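Participant: Structure incoming, see below.
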Amino acid sequence: ADGDRVPALVIGSGYGGAVAALRLTQAGIATHVVEMGQSWTTPGSDGKVFCSVLKPDGRSFWFRDRTDQPVNYFLGFDANKDIARYAGVLDSEQFAATRVYQGRGVGGGSLVNGGMAVTPKRAYFQEVLPSVNADEMYAKYFPRANAGLGVNTIDQTWFESTKWYRFARVGRASAQAAGYSTTFVPNVYDFAYMKQEDAGTKTKSALASEVIYGNNYGKRSLDKTYLAAASATGRLTISPLHTVTSVAPASGSGYTVEMTQIDTAGNTVARKTVTADRVFFAAGSVGTSKLLVAIKARGKLPNLPGAVGDGWGNNGNVMVARANHIWDTTGADQSTMPAMGIDNWNDAAGPVFAEIAPFPAGTELWISLYLAITKNPNRAKFTFNTSTGKVDLSWQASWTQPSIDAAKRVFDAINAKAATIYRTDMFGTYKTWGDDFVYHPLGGCVLGRATDGYGRLPGYPGLYVVDGSLVPGSIGVNPFVTITALAERNIEKIIVTDLA
Ligand code: FDA
1 ADGDRVPALV
11 IGSGYGGAVA
21 ALRLTQAGIA
31 THVVEMGQSW
41 TTPGSDGKVF
51 CSVLKPDGRS
61 FWFRDRTDQP
71 VNYFLGFDAN
81 KDIARYAGVL
91 DSEQFAATRV
101 YQGRGVGGGS
111 LVNGGMAVTP
121 KRAYFQEVLP
131 SVNADEMYAK
141 YFPRANAGLG
151 VNTIDQTWFE
161 STKWYRFARV
171 GRASAQAAGY
181 STTFVPNVYD
191 FAYMKQEDAG
201 TKTKSALASE
211 VIYGNNYGKR
221 SLDKTYLAAA
231 SATGRLTISP
241 LHTVTSVAPA
251 SGSGYTVEMT
261 QIDTAGNTVA
271 RKTVTADRVF
281 FAAGSVGTSK
291 LLVAIKARGK
301 LPNLPGAVGD
311 GWGNNGNVMV
321 ARANHIWDTT
331 GADQSTMPAM
341 GIDNWNDAAG
351 PVFAEIAPFP
361 AGTELWISLY
371 LAITKNPNRA
381 KFTFNTSTGK
391 VDLSWQASWT
401 QPSIDAAKRV
411 FDAINAKAAT
421 IYRTDMFGTY
431 KTWGDDFVYH
441 PLGGCVLGRA
451 TDGYGRLPGY
461 PGLYVVDGSL
471 VPGSIGVNPF
481 VTITALAERN
491 IEKIIVTDLA
């Protein structure tokens, strides 16, 4: 409540925030999580908490009048739909030359993502984060993160026979025919539950086109794992629909945290000020970077390092689709949870790790869709724009080209071998590459540059960064396992050295 004093305040409830919340509460520290999105627990008039990809309503997007689907065209026509303006679960945040998809709600990105739980290749992890002890990460913190997240693997016998993964088998066959290796990818979706959906004994979710606007069942999102465990300690408080706007040193000790509370229609219902002994920034790569850059520019935390706002990358994300032959059906029925990837990361000429993505349209389309992760060297910067009062991101449209070049090598080869072509009607009109949006924003407050080696903000004892903004722009695989493991490592150190 307004005027309260709390020992620990966490801004945001995604992976970094959920890890901090669990480990702080377990250490006996009363912890307050402030989350701008809703707590997704109350069913709508259709009896469901979340809406499906095929029937989006207000619940789908964060305050938009029209959906902004990642694959937003079909046959060259805009496939978006008008919706009611509401505090929906998926945000597409538009910057000058890219738009960034992010989860909004208690659980952050875990509410909307594909659940792919990939531990990065050790050599690349060391290349990206050389100051972090990789022995310790791979022996201790990656296993801890995988356990805490509830990561599981698909039953391969079922995978080989079920209609729901025909799209993945077709994608695998064409990749292997062109000489690429493929790999099964772990997930946090409960595959045992998915088999029961298939058997008709449980309500369908992944098998009912639910994913980017939330899963009503089956998904081990953070509200069911880390945050539930934190809550069970009795020391966790969560304030949904509260957005932090400012953090500044309090007179005496601690920090003054200002926040705005809204209702689900977006009306401001209250402004509150809380004092916190310690503040953990866990608003995500974009959220934390924007907050810190704006707070610094407004003179509230003037001594933050110059590197705050730097080192942002899109994890080399680019999407593409291929048109299969008429006999290569990918299935009207597709699970929304990816389970297979094409692994060409060790190709020095252009590393690519591509998820074979579903396109759960409910009808046969002969489409193979991919989200490629590439090694893109370009890095952007967040800066405060004094004329608009907003934070800009310097990413340029042309900076995605290295990702296209790398992905094109792989998919040109696959197309050549299969005698197939790209689809050019899914990301625009005559547009092959989905290169103007990102699922994996990383960096902006990079470990060891904007913070010390554990996420402490220099000059401001008691301020910490714990989320994806610490990872310098690229990790070579889907990022949430890395974000979680790094948060586990850093919070353990912080609790032992700063909070004991
Ligand atoms: P995250 O974004 O999860 O959490 C930040 C939270 O802070 C949000 O809940 C936000 O609302 C809140 N917040 C922001 N500003 C605030 C403020 N000022 N005040 C209060 N709260 C604030 N990754 C992966 O590994 N496997 C996958 O399969 C996928 N798939 C995928 C699909 C889609 C559609 C998306 C959008 C993303 C993915 N990802 C993914 C990416 C993954 O979800 C992402 O990397 C993590 O959620 C990032 O975790 P963080 O803890 O950094 O922030």
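Just so you know, our numbering puts 84 at position 84 of the sequence shown, and the rest follows in order with no gaps. Just so it is clear, CB atoms sit at the ideal spot from N, CA and C, and this is done for glycine as well. These numbers were taken from a predicted model, which means no experiment stands behind them.
What three-state label does DSSP hand Pro143 in the structure shown?
Facilitator: As a working note, residue 143 is residue 143 in the sequence shown. DSSP places Pro143 in helix when its eight states are reduced to three.
Participant: With a threshold of 6 Å on Cβ separation, who are the neighbours of Val279 within its own chain once the five nearest residues in sequence on each side are excluded?
Facilitator: Position 279 of the sequence shown holds residue 279. Here the set comprises Leu9, Val247, Tyr255 and Leu463.
Participant: List the residues that DSSP assigns as beta-bridge partners of Gln261.
Facilitator: Against the sequence shown, residue 261 aligns to sequence position 261. DSSP, once it has assigned bridges, lists His242 and Ala270 as partnering Gln261.
Participant: CB of Ala282 to nearest heavy atom of ligand 1: below 7 Å?
Facilitator: The residue you call residue 282 lines up with position 282 of the sequence shown. Within the cutoff, so yes.
Participant: Measuring straight from C-alpha to C-alpha, what distance separates Gly218 and Ser253?
Facilitator: Residue 218 sits at position 218 when you count from the first residue of the sequence shown. Residue 253 sits at position 253 when you count from the first residue of the sequence shown. Between Gly218 and Ser253, the C-alpha separation is close to 44 Å.
Participant: Report all residues from its chain with a CB closer than 6 Å to the CB of Val410; omit the five preceding and five following residues, and keep chain order.
Facilitator: Residue mapping note: residue 410 aligns to position 410 of the sequence shown, counting from 1. Excluding sequence neighbours, Val410 sits near Asn344 and Val352.
Participant: So what does Asn478 bridge to, in DSSP terms?
Facilitator: Working through the sequence shown from its first residue, we reach residue 478 at position 478. Paired residues: none, contrary to the question.
Participant: Considering only DSSP beta bridges, list what Ser205 is partnered with.
Facilitator: Locating residue 205 in the sequence shown gives position 205, counting from the first residue. The partner list for Ser205 (beta bridge, DSSP) is empty, contrary to what the question assumes.
Participant: Write down every uninterrupted run of the alpha helix (DSSP H) in the stretch 146 to 227 whose length is 4 residues or greater and which is fully enclosed by it, in chain order.
Facilitator: Counting only runs of 4 or more, we get 156 to 161, 166 to 177 and 191 to 199.
Participant: May I ask you to list the residues that DSSP assigns as paired with Met319?
Facilitator: The residue given as residue 319 occupies position 319 in the sequence shown. Leu371 and Gly434.
Participant: Considering only heavy atoms of ligand 1, does any lie closer than 7 Å to the CB of Ser212?
Facilitator: The sequence position of residue 212 within the sequence shown is 212, counting from 1. Per the sequence shown, residue 212 should be read as Ile rather than Ser. Because some heavy atom of ligand 1 lies under 7 Å away, the Cβ of Ile212 counts as near it: yes.
Participant: Is Phe480 close to ligand 1? I mean its beta-carbon at under 7 Å from any heavy atom of the ligand.
Facilitator: Translated into positions along the sequence shown, residue 480 becomes position 480. Within the cutoff, so yes.
Participant: What residues are listed by DSSP as bridge partners for Phe280?
Facilitator: The residue given as residue 280 occupies position 280 in the sequence shown. In DSSP, Phe280 forms a bridge with Val10 and Tyr464.
Participant: If you follow the beta strand (DSSP E) that Ser92 is part of, which residue opens it and which one closes it?
Facilitator: Start at 1 with the first residue of the sequence shown, and residue 92 comes out as number 92. Leu90 to Gln94 is the extent of the beta strand (DSSP E) around Ser92.
Participant: Between Ser60 and Gly88, is the Cβ-Cβ spacing less than 8 Å?
Facilitator: Within the sequence shown, the letter at position 60 stands for residue 60. Within the sequence shown, the letter at position 88 stands for residue 88. Yes. Within cutoff.
Participant: Could you have a look at Ile342 and say whether DSSP puts it in helix, strand or coil?
Facilitator: The sequence position of residue 342 within the sequence shown is 342, counting from 1. Ile342: strand per DSSP, three-state reduction.
Participant: Is Ala357 helix, strand or coil when you go by DSSP?
Facilitator: Working through the sequence shown from its first residue, we reach residue 357 at position 357. Correct three-state label for Ala357: strand.
Participant: Could you tell me the distance, in whole angstroms, from the CA atom of Ala349 to the CA atom of Asp436?
Facilitator: The residue labelled residue 349 in the question sits at position 349 within the sequence shown. The residue labelled residue 436 in the question sits at position 436 within the sequence shown. Going from the Cα of Ala349 to the Cα of Asp436 covers about 23 Å.
Participant: Just to check, is the beta-carbon of Asp506 closer than 7 Å to a non-hydrogen atom of ligand 1?
Facilitator: The displayed coordinates of the chain run from 1 to 500. Any statement about residue 506 would go beyond what the structure contains.
Participant: Would you check if the stretch 449 to 468 and the stretch 272 to 287 touch, i.e. whether three or more CB-CB distances between them fall below 8 Å?
Facilitator: Short answer: they touch.
Participant: If contacts are defined as beta-carbon pairs under 8 Å, then Ser239 and Val34 qualify, I think. What distance do you get, rounded to the angstrom?
Facilitator: In the sequence shown, counting from the first residue as 1, residue 239 sits at position 239. In the sequence shown, counting from the first residue as 1, residue 34 sits at position 34. Indeed, because the Cβ distance is near 5 Å, the residues count as touching under 8 Å.
Participant: Any heavy atom of ligand 2 closer than 7 Å to the beta-carbon of Asp333?
Facilitator: Within the structure as shown, ligand 2 is missing, the only ligands being ligand 1.
Participant: Here's the rule: buried if 16 or more other CB atoms are within 10 angstroms of the residue's CB, otherwise exposed. What is His242?
Facilitator: What you label residue 242 is simply residue 242 of the sequence shown in a count that begins at 1. Label assigned to His242: buried.
Participant: In terms of residue numbering, what span does the beta strand (DSSP E) encompassing Arg99 cover?
Facilitator: Position 99 of the sequence shown, counted from the start, is the residue given in the question as residue 99. From DSSP, the beta strand (DSSP E) with Arg99 extends over Arg99 to Gly103.
Participant: State yes or no: is the C-beta of Arg104 nearer than 7 Å to some heavy atom of ligand 1?
Facilitator: Counted from its first residue, the sequence shown places residue 104 at position 104. Under cutoff, so the answer is yes.
Participant: Kindly indicate the opening and closing residues of the alpha helix (DSSP H) around Asp392.
Facilitator: As a first step, residue 392 must be located in the sequence shown, where it is residue number 392. Element bounds for Asp392: not the alpha helix (DSSP H) but the beta strand (DSSP E), Lys390 to Leu393.
Participant: Within 10 angstroms of its Cβ, does Thr520 collect 16 or more other Cβ (buried), or is it exposed?
Facilitator: Residue 520 lies beyond the stretch modelled for the chain, which goes from 1 to 500, so this question has no answer here.
Participant: Relative to the alpha-carbon of Ala541, which residue among Gly316, Val320 and Gln69 has its alpha-carbon at the smallest distance?
Facilitator: Residue 541 is absent from the model: the chain starts at 1 and stops at 500.
Participant: Suppose only complete runs of 3+ residues qualify. What are the beta strand (DSSP E) ranges in the stretch 8 to 89, listed by chain order?
Facilitator: The stretch 8 to 89 contains these whole beta strand (DSSP E) runs: 31 to 34.
Participant: Check whether the stretch 108 to 128 touches the stretch 445 to 463, taking contact to mean three or more Cβ pairs, one atom from each stretch, closer than 8 Å.
Facilitator: Cβ pair count under 8 Å is below three, so no.
Participant: Is it the case that the Cβ atoms of Tyr370 and Val438 are separated by a distance below 8 Å?
Facilitator: Here the question's residue 370 lines up with position 370 in the sequence shown. Here the question's residue 438 lines up with position 438 in the sequence shown. No, they are not a contact pair.
Participant: Keeping to the same chain, check which residues put their C-beta closer than 6 Å to that of Phe167; ignore five residues upstream and five downstream.
Facilitator: In the sequence shown, counting from the first residue as 1, residue 167 sits at position 167. Result list for Phe167: Thr330, Gly331, Gln334 and Pro358, in chain order.
Participant: Please determine whether the Cβ atom of Gly428 lies at a distance below 7 Å from any heavy atom of ligand 1.
Facilitator: Residue mapping note: residue 428 aligns to position 428 of the sequence shown, counting from 1. For ligand 1, not one heavy atom lies less than 7 Å from the Cβ of Gly428.
Participant: Hey, out of Ser131, Asn133, Thr264 and Leu470, whose CA is closest to Ala307's CA?
Facilitator: The count along the sequence shown starts at 1 and reaches residue 307 at position 307. For the residues Ser131, Asn133, Thr264 and Leu470, the minimum Cα distance to Ala307 belongs to Leu470.
Participant: Distance check for Ala230 and Asn187, CA to CA, integer angstroms please.
Facilitator: Taking the first residue of the sequence shown as position 1, residue 187 is located at position 187. Taking the first residue of the sequence shown as position 1, residue 230 is located at position 230. Looking at the two C-alpha atoms, the distance is approximately 22 Å.
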